[in-house]
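First to last, the protein sequences are chains A and B. When the count follows the numbering used here, it moves up by one through the first sequence with no breaks and lands on 612 for the last residue. When the count follows the numbering used here, it moves up by one through the second sequence with no breaks and lands on 327 for the last residue.
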Amino acid sequence: MNRGPIARILLYLFFIGLIAVPFILTHRSSRSAMTGSQIDRQDALRRYGFYLMEDSAQAGVRFTHQAPVLDAQLAGIMPEVASMGASVSIVDYNHDGWPDFYVTNSRQGTKNALFRNNRDGTFTDVAPQLGIADVNRPGTGVSMGAVWGDYDNDGYPDLFLVKWGKPMLFHNEHGQGFSDVSEQAGLPAWMNANTALWFDYDGDGKLDLFVGGYYNEDIDLWHLKTTKIMPESFEYAQNGGRKYLFHNLGNGKFEEVSAKLGIKSRRWALACGAADLTGDGHPDLFIANDYGVSELYVNDGRRFREVGKDVGVGFSPKSGMNVAFGDIFNQNNYAIYVSNISEAGVLIQGNNLWVPQEGEAGTRLHYTNMANSLGVELGGWSFGAQFGDLNNDGNLDLFLTNGYISADRNRSYWYDFAKVTAGNSTIIQDARNWPAFDGRSLSGYQQKRVWINDGAGQFEDVAHNVGVTDTHDGRAVAVGDLWNNGALDVIVANQNGPLLIYKNHVNPEEKWIEFHLEGTKSNRDAIGAEVTLYWDGKKQIQQVAAGTGFSAQNDLRVHFGLGKAPQIEKAVIRWPSGIAQILDHLAPDQLYEVKEAR
Amino acid sequence: MSQPVVIAAQNASQTPQWKKWLSLDNRYVPPVFITLILLAGQLSFGILESYERTLLAICTSIAAELILGRIFVGKWLNMASAYITGISVGILVRSPDFWPYAVAAALAITSKYVIRYKGHHLFNPSNFGISLVLFLLPASAAMLSIQWGNNMASMVVIWVLGSVIIWRLRRFHISFTYVISFLVLAIVRSWIIHEPWLSEVSPITGPEYQLFIFFMITDPKTTVRSKKGQCIVVFFVALLEMFFRFDQSVYAELYALFWVGPLAMLIEMWLDSRRDKSRSIETPILATTPGSSQQTLP
Numbered sequence: 015m016n017r018g019p020i021a022r023i024l025l026y027l028f029f030i031g032l033i034a035v036p037f038i039l040t041h042r043s044s045r046s047a048m049t050g051s052q053i054d055r056q057d058a059l060r061r062y063g064f065y066l067m068e069d070s071a072q073a074g075v076r077f078t079h080q081a082p083v084l085d086a087q088l089a090g091i092m093p094e095v096a097s098m099g100a101s102v103s104i105v106d107y108n109h110d111g112w113p114d115f116y117v118t119n120s121r122q123g124t125k126n127a128l129f130r131n132n133r134d135g136t137f138t139d140v141a142p143q144l145g146i147a148d149v150n151r152p153g154t155g156v157s158m159g160a161v162w163g164d165y166d167n168d169g170y171p172d173l174f175l176v177k178w179g180k181p182m183l184f185h186n187e188h189g190q191g192f193s194d195v196s197e198q199a200g201l202p203a204w205m206n207a208n209t210a211l212w213f214d215y216d217g218d219g220k221l222d223l224f225v226g227g228y229y230n231e232d233i234d235l236w237h238l239k240t241t242k243i244m245p246e247s248f249e250y251a252q253n254g255g256r257k258y259l260f261h262n263l264g265n266g267k268f269e270e271v272s273a274k275l276g277i278k279s280r281r282w283a284l285a286c287g288a289a290d291l292t293g294d295g296h297p298d299l300f301i302a303n304d305y306g307v308s309e310l311y312v313n314d315g316r317r318f319r320e321v322g323k324d325v326g327v328g329f330s331p332k333s334g335m336n337v338a339f340g341d342i343f344n345q346n347n348y349a350i351y352v353s354n355i356s357e358a359g360v361l362i363q364g365n366n367l368w369v370p371q372e373g374e375a376g377t378r379l380h381y382t383n384m385a386n387s388l389g390v391e392l393g394g395w396s397f398g399a400q401f402g403d404l405n406n407d408g409n410l411d412l413f414l415t416n417g418y419i420s421a422d423r424n425r426s427y428w429y430d431f432a433k434v435t436a437g438n439s440t441i442i443q444d445a446r447n448w449p450a451f452d453g454r455s456l457s458g459y460q461q462k463r464v465w466i467n468d469g470a471g472q473f474e475d476v477a478h479n480v481g482v483t484d485t486h487d488g489r490a491v492a493v494g495d496l497w498n499n500g501a502l503d504v505i506v507a508n509q510n511g512p513l514l515i516y517k518n519h520v521n522p523e524e525k526w527i528e529f530h531l532e533g534t535k536s537n538r539d540a541i542g543a544e545v546t547l548y549w550d551g552k553k554q555i556q557q558v559a560a561g562t563g564f565s566a567q568n569d570l571r572v573h574f575g576l577g578k579a580p581q582i583e584k585a586v587i588r589w590p591s592g593i594a595q596i597l598d599h600l601a602p603d604q605l606y607e608v609k610e611a612r
Numbered sequence: 030m031s032q033p034v035v036i037a038a039q040n041a042s043q044t045p046q047w048k049k050w051l052s053l054d055n056r057y058v059p060p061v062f063i064t065l066i067l068l069a070g071q072l073s074f075g076i077l078e079s080y081e082r083t084l085l086a087i088c089t090s091i092a093a094e095l096i097l098g099r100i101f102v103g104k105w106l107n108m109a110s111a112y113i114t115g116i117s118v119g120i121l122v123r124s125p126d127f128w129p130y131a132v133a134a135a136l137a138i139t140s141k142y143v144i145r146y147k148g149h150h151l152f153n154p155s156n157f158g159i160s161l162v163l164f165l166l167p168a169s170a171a172m173l174s175i176q177w178g179n180n181m182a183s184m185v186v187i188w189v190l191g192s193v194i195i196w197r198l199r200r201f202h203i204s205f206t207y208v209i210s211f212l213v214l215a216i217v218r219s220w221i222i223h224e225p226w227l228s229e230v231s232p233i234t235g236p237e238y239q240l241f242i243f244f245m246i247t248d249p250k251t252t253v254r255s256k257k258g259q260c261i262v263v264f265f266v267a268l269l270e271m272f273f274r275f276d277q278s279v280y281a282e283l284y285a286l287f288w289v290g291p292l293a294m295l296i297e298m299w300l301d302s303r304r305d306k307s308r309s310i311e312t313p314i315l316a317t318t319p320g321s322s323q324q325t326l327p
């Protein structure tokens with residue numbers, strides 16, 4: 015240290031500056047958080063073009079989810095092992111043109127609910143009289159989610175119930191009731207699944223069913239033979255449940271073909287989504303896995319091939335809990351949003367926003383994670399998320415739920431969680447080695463995020479400003495125009511918490527257009543159909559999907575925001591059959607019923 | 030994870046030329062070892078947040094060492110130490126942003142030139158940089174989360190290779206003492222807080238600890254000189270870590286070394302000065318092992 019005092023002073027100043035950097039940045043982020051304090055609705059309407067009002071009480075919806083209670087050997091870590099089950103799926107079960115919705119409960123003996131839309135802003139639970147409420151009976155397991163698809167093309171969507179237990183398929187009897195057809199369909203006796211979707215993978219006009227297992231299907235979570243049921247690794251676990259692909263044979267029966275077609279994963283699937291990512295006309299399958307990498311199964315119409323690593327989405331393992339597709343740049347392709355875990359000071363996985371690289375398609379598909387640069391990376395312990403144009407400005411926004419286990423506000427389980435998950439597989443996979451929760455929280459009381467898309471590559475969280483302030487443990491979120499007024503409303507299913515309906519109030523100057531598609535040659539629900547809308551020199555693609563997000567299903571009608579005074583050029587529909595249909599002379603603020611041209 | 034230990038150099042004239050070409054200078058053993066760990070971990074399990082972030086940490090660390098060494102020592106220093114610091118930051122820090130990697134690496138190297146006493150830096154550089162970033166920036170940075178598959182085989186490879194190398198560098202007793210202390214204190218913790226012993230043992234079976242055991246606590250520049258003293262110091266690291274763990278600190282081992290390491294250095298210096306006074310003999314203070322052929326860092 016042979017330099018004079020000036021050099022030393024400069025050195026000390028540099029050192030102090032380095033230490034000051036974190037302080038300054040932390041201070042800046044806390045200041046920006048403070049600016050997100052609640053403002054009035056008119057101001058929200060003026061600044062963001064919309065606001066959301068939690069409307070469940072006015073809508074007559076009083077539903078509180080109850081978590082499973084599993085084998086007593088898991089009592090110490092029950093909050094963790096029984097941390098899922100709250101789900102919501104929007105469906106027009108009675109084909110009256112008004113969206114209804116179905117929600118699940120997860121404690122043995124509790125009942126699920128189907129809320130029929132009364133067309134006056136209120137909803138009535140009709141599940142008991144229709145026969146789809148009492149589905150969590152002891153010995154049959156409990157509900158984890160539900161997906162709706164018209165598998166027999168009779169015009170009424172049928173219900174597949176995702177369970178830890180006996181999976182159930184209910185045939186919709188023309189909106190008047192449901193028949194349990196699980197046995198005839200050939201479903202397995204037991205699975206521990208958390209995700210499923212309907213899609214027509216082979217383009218034969220009949221909906222097939224994919225189901226992703228979480229816990230191994232050999233485990234009866236209420237009667238454990240061993241406590242070694244946990245993942246063998248926090249990031250590389252492959253001891254989860256198997257996957258099922260049920261091919262629709264067309265006579266009310268299904269054939270399980272997953273292994274035959276190349277889907278053999280035993281990762282811990284939590285979410286899945288299907289979309290034609292390669293542009294070859296066949297829906298591909300994206301699976302977000304807990305404790306591991308995501309998987310992308312490319313479908314050539316005959317077989318599935320896992321290409322996650324090749325296309326960039328399957329290398330860095332995280333805790334995938336969501337799959338949502340959205341054309342966020344209006345470039346006629348889908349970005350994929352996968353939620354993960356971020357907890358300050360412990361674990362910063364960050365959510366993934368996989369954006370296809372420009373100019374590449376087909377087998378040269380490649381994705382880049384742009385969550386950080388677009389500002390949608392950090393949510394918390396994130397679960398369900400959905401894209402939707404909440405303010406009808408022509409850009410897809412993003413609604414994200416967060417929060418894992420909310421219990422004692424002052425005591426956290428994170429230390430014990432990090433302690434165990436850091437260790438060897440033999441320690442992790444035995445539930446007996448996990449310290450008891452003892453009433454502690456784990457990433458509890460977290461805020462939802464409502465990220466609005468500015469159309470120029472940035473998302474801004476306006477949750478507080480537009481009225482989303484709850485801190486329940488969010489799981490599933492679904493979007494749909496519940497009031498048929500051209501605004502996307504949001505339903506949030508909270509674990510061990512109330513079901514929330516956020517009614518959307520949009521600036522009426524912001525226009526919209528919606529399409530309800532009905533297949534003729536394609537499956538009748540038109541699941542897998544894509545609509546590309548051209549307006550004001552822009553274009554945006556959306557698809558009809560039966561199962562997306564986390565344990566959720568959006569309204570099958572596709573909704574486009576258009577902005578102010580739009581000039582609509584055309585809409586191009588690509589049906590699953592391959593038929594392309596062009597719609598001209600479209601006017602804004604209209605719902606179009608479109609039947610597939612023969 | 031700083032300056033690699035240097036053992037007494039052999040007389041060059043007694044070493045055949047071909048042997049000199051084949052044998053690796055001890056200064057470069059730890060950098061090579063940690064590079065192998067990084068490559069194996071990344072290629073097999075994808076442990077890094079990204080190559081770019083790790084490269085940023087390494088480049089920042091080396092640049093800081095070059096500049097500060099040139100200014101304050103007056104020469105270009107050997108980069109082995111800075112490389113290990115940079116690569117450690119690049120492996121252990123997890124952040125979606127780039128800047129925490131640069132800040133942690135710069136803090137680590139700069140601390141060597143700022144926080145000094147009687148000609149010695151007191152903190153293990155990477156421990157200092159990483160601990161400060163984790164403590165001050167909990168919302169932006171965390172520690173290595175990807176656990177190498179929680180796989181015993183990969184850990185065994187690191188243990189075997191690490192032990193051989195640490196043995197060769199004559200620092201095995203430090204790692205061994207720490208591991209034994211940790212395991213015994215895990216029993217104590219388990220008994221006191223009534224939690225499964227295996228859950229208390231669990232952290233030491235993960236990769237983060239292997240870097241801590243083989244690179245941080247064995248750093249010759251920030252450990253005391255005597256073998257017995259080194260063992261006592263790492264025992265106290267494990268002991269303070271236990272109390273941090275009672276307080277549910279996720280990074281207990283890093284914070285324990287952060288406090289115990291410099292304190293031990295200061296105590297040693299104080300004892301040295303007392304001994305010097307009593308003997309009235311002036312003794313040069315060197316942190317490296319006697320017989321070192323290596324350039325003393327500032």
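For each residue, glycine too, the CB sits at the ideal point set by N, CA and C.
query                                                                                                                        : result
For A/L531, the residue or residues it bridges with in DSSP                                                                  : A/V608
Where the alpha helix (DSSP H) containing B/A137 begins and where it ends                                                    : 128-143
Unbroken alpha helix (DSSP H) run spanning A/F431, endpoints                                                                 : 428-435
Closer than 8 Å to chain B by CB, A/K26                                                                                      : According to the sequence shown, residue 26 of chain A is Tyr rather than Lys. Yes, because at least one Cβ of chain B sits closer than 8 Å to the Cβ of A/Y26.
Contact check, A/I587 vs A/A560, beta carbons under 8 Å                                                                      : no
Among A/P331, A/D539, A/A501, A/G458, nearest to A/E523 - alpha-carbon criterion                                             : A/A501
A/K584 at chain B interface by Cβ criterion, 8 Å                                                                             : no
Chain B contact for A/S330 (CB, 8 Å cutoff)                                                                                  : yes
Assumed close pair A/M158, A/T118 - CB separation to whole angstroms, cut-off 8 Å                                            : 7 Å
Residues that A/P297 bridges to, as DSSP identifies them                                                                     : Looking at the DSSP assignment, A/P297 forms no beta bridge with any residue, so it has no partner.
Distance between A/D114 and A/F213 (C-alpha atoms, nearest Å)                                                                : 21 Å
Distance, A/K180 Cα to A/W204 Cα                                                                                             : 5 Å
Option nearest A/A591 by Cα separation, candidates A/K552, A/I146, A/E532, A/V480                                            : Correcting the residue identity first, residue 591 of chain A is Ser in this sequence and not Ala. Of the candidates A/K552, A/I146, A/E532, A/V480, the one whose C-alpha sits nearest the C-alpha of A/S591 is A/E532.
Beta-bridge pairing of A/Q461 - partner residues as DSSP gives them                                                          : According to DSSP, which records beta bridges pairwise, A/Q461 is partnered with nothing at all.
Runs of alpha helix (DSSP H) lying entirely within the stretch 150-204 of chain A, each at least 4 residues, in chain order  : 196-199
Length of the line joining the Cα atoms of A/V504 and B/I96                                                                  : 56 Å
Closer than 8 Å to chain B by CB, A/Y429                                                                                     : yes
A/S396 - DSSP class collapsed to helix/strand/coil                                                                           : strand
Straight-line Cα distance separating A/D216 from A/V551                                                                      : In the sequence under discussion, the amino acid at residue 551 of chain A is Gly, which differs from the Val named in the question. Cα to Cα, A/G551 sits roughly 34 Å from A/D216.
Straight-line Cα distance separating A/S536 from A/N265                                                                      : 17 Å
8 Å Cβ cut-off: residues of chain A touching B/L136                                                                          : F29, L32, I33
CB contact check: B/T89 to chain A, cutoff 8 Å                                                                               : no
Within-8 Å CB hit, A/Y250 to chain E                                                                                         : This model lacks chain E altogether, as its protein chains are A and B.
Stretch-stretch touch, CB-based, cutoff 8 Å, three pairs: the stretch 296-311 of chain B with the stretch 454-466 of chain A : no
Within-8 Å CB hit, B/G191 to chain A                                                                                         : no
Closer than 8 Å to chain A by CB, B/G98                                                                                      : no
Residue-chain proximity (B/R123, chain A), Cβ-Cβ < 8 Å                                                                       : yes
Same chain only: Cβ atoms within 8 Å of A/Q122, ignoring 5 sequence neighbours per side                                      : P82, V83, N150, R151, P152, V156, W236
Proximity test, Cβ basis, 8 Å: A/F473 and chain B                                                                            : no
Cβ of A/W204 within 8 Å of any chain B Cβ                                                                                    : no
Near-chain A residues of the stretch 149-165 of chain B (beta-carbon distance less than 8 Å), N- to C-terminal order         : L161, V162, L163, L165
In DSSP terms, what A/E309 is bridged to                                                                                     : A/I301
Helix, strand or coil at A/V140 according to DSSP, with G and I counted as helix                                             : coil
Counterpart residues of A/V117 in DSSP-defined beta bridges                                                                  : A/V102, A/A127
Classification of A/S565 by the beta-carbon crowding that lies within 10 angstroms, buried from 16 upward                    : buried
Residue-chain proximity (B/P319, chain A), Cβ-Cβ < 8 Å                                                                       : Note that B/P319 scores 35 on pLDDT, short of 50, meaning its location in the model is unreliable; the coordinates nonetheless yield the value given after this. Not one chain A Cβ lies under 8 Å of B/P319.
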